[in-house]
Structure formats: structure tokens, C-alpha cells
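Q: End of the sequence shown sits at 667 in our numbering; the numbers just go up one at a time, nothing left out.
Pasting in a structure now, in C-alpha cells, and then I'll have a few things to ask.
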Amino acid sequence: MRIFGVDPGLTRCGVSVLDVATDKSLTLVHLEVLHTSPQDALAQRLLSIRNSLESLFETYKPERVALERVFAQHNLRTVMGTAQVSGLVLAEAASRSLSIDLHTPSEVKAAVTGSGRANKAQVATMVRKLVQLPDTKLLADATDAVAIAICNAWRGGSGVLVSQDSRGQGLTPAQQKWREAERLSRKRG
């Protein structure tokens, strides 16, 4: 399955393309941050993002789209730009009859790190480990876009987890890897 993950934003819009195997293993195909200048007219900024999205959809031909759900923030201008870009993504996906799933920030954090309260650095660290990204400095928009795609791969639109711990509780693949790393460190130490 090929998933198109988007962290929407008007100035910086993170976009990732992730291939997911039947065993839920991940391969990052493409990662990019689309940029627009706040000095440009709103219509031109949206057109630039739309054109880039259209090109990316054509090039990578995803099977589903994962998008971060827009939440009201203190800065209305930021929320409006994010919502407008989200609308572009939704329209592009719908025009191609693609499955679209919206994920909350805490859902994404929980899927990738095991905690819905993880900070951006913790999310970025896990994303780097899960898709073998180099340790170079990436914008949070980039790693967030990958995290959104990973969340969709492992939870889908239904929030169904893929395995259970010894008490029958659901574990994401990230939680499984974390638990295994802890187990190995206890053996060595």
C-alpha cells in the first residue's frame, strides 16, 4: 500500500510518500516540504501548493491519503491557512477517488512513539528510526508528514492496532519496537 501523508500548512506543508508491506514494514519513497512566502498573495500561495500536490499525486500514485486533522489554535491566521491547505489535499484526493483518513496530533504521536503527549523531538527520533532517515536536521513539517503516514499505515482510519501485549492491550509497531529495545537493554545492563 502506498500512503500519501500530509502535515498541512500554508508557509510549510510537509508531504511524505510511504510504502507499507503486508507485514507493516515501512519504506520511505519521498519526503519534501512545500514552501510558500507570506509576502505572496494568498491565491498564489494556494495555487503553488495545489500545483505541487497535483504533481506529487501524479508522480507517486498513492492508494490512500493521511492528513493531520486541523485543530483550532490561538492564532486564527495559522488555523485558516492550515484549513485551506487541508481543503486542497482533500479535494485532490477526492478527485482521484482515494481513501482519505484524518488523524489527530495525539493519535499520530501515540501511534509513532507510544505516547499521545510526545514532543516533536521524540516524534522525529522515532520517525528516523522507523524509516531509517539520516540524522540530518529536518523540519518538523517533514518528520510530522512521515509520522502521519506511519499512523495511517499502522492504525488506518479505524484506529485498529496490529498486535497485543501480554495483558491483551493493543500495541502499535512503534510500541513493540520500544518494548523490545527496553527488554534488550535490561539483558545487557
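Cβ coordinates follow ideal geometry from the N, Cα and C atoms, glycine included.
Using only CA atoms, which one of Leu520, Leu524, Val507 and Ser575 lies nearest to tyrosine 538?
A: Comparing Cα positions, the closest option is Val507.
Q: Rounded to the nearest angstrom, what separates serine 515 and valine 563 at their Cα positions?
A: Roughly 14 Å separates the two Cα atoms.
Q: Return the bridge partner residues of valine 601 from the DSSP annotation.
A: Valine 601 pairs with nothing; no bridge assigned.
Q: For the putative contact between valine 601 and threonine 621, defined by C-beta atoms under 8 Å, what is the C-beta separation to the nearest angstrom?
A: With a Cβ gap of about 6 Å, valine 601 and threonine 621 count as contacting.
Q: According to DSSP, simplified to helix, strand and coil, what is phenylalanine 482?
A: Strand at phenylalanine 482.
Q: Taking 8 Å as the cut-off, decide whether the C-beta atoms of alanine 631 and lysine 502 are in contact.
A: Yes; because the gap between Cβ atoms is below 8 Å, this pair is in contact.
Q: Tell me which same chain residues have a C-beta within less than 6 Å of the C-beta of aspartate 497, skipping the five on either side of it?
A: Closer than 6 Å at Cβ, skipping near neighbours: Arg480, Thr505 and Val507.
Q: How far does the alpha helix (DSSP H) with glycine 592 in it extend, from its first residue to its last?
A: Note, glycine 592: premise wrong, no alpha helix (DSSP H); not H, not E.
Q: Can you tell which of Ile626, Ala618, Val548 and Lys587 has the C-alpha that lies nearest to the C-alpha of arginine 490?
A: Nearest option by C-alpha distance: Ala618.
Q: Where are the beta strand (DSSP E) runs, 3 residues long or more, that stay fully inside the stretch 534-574, in chain order?
A: List check, beta strand (DSSP E) in window: 542-546.
Q: Quick one: measure Cβ to Cβ for glycine 568 and leucine 524, integer angstroms, because I've assumed they're closer than 8 Å.
A: According to the sequence as given, residue 568 is leucine; it is not glycine. In fact, because the Cβ distance is near 13 Å, the residues do not count as touching under 8 Å.
Q: For chain D, is any of its Cβ atoms less than 8 Å away from the one on alanine 625?
A: Note that chain D does not occur in the displayed structure, where there is just one protein chain.
Q: Look up proline 516 in the DSSP assignment and say whether it is helix, strand or coil.
A: Three-state DSSP puts proline 516 in coil, outside helix and strand.
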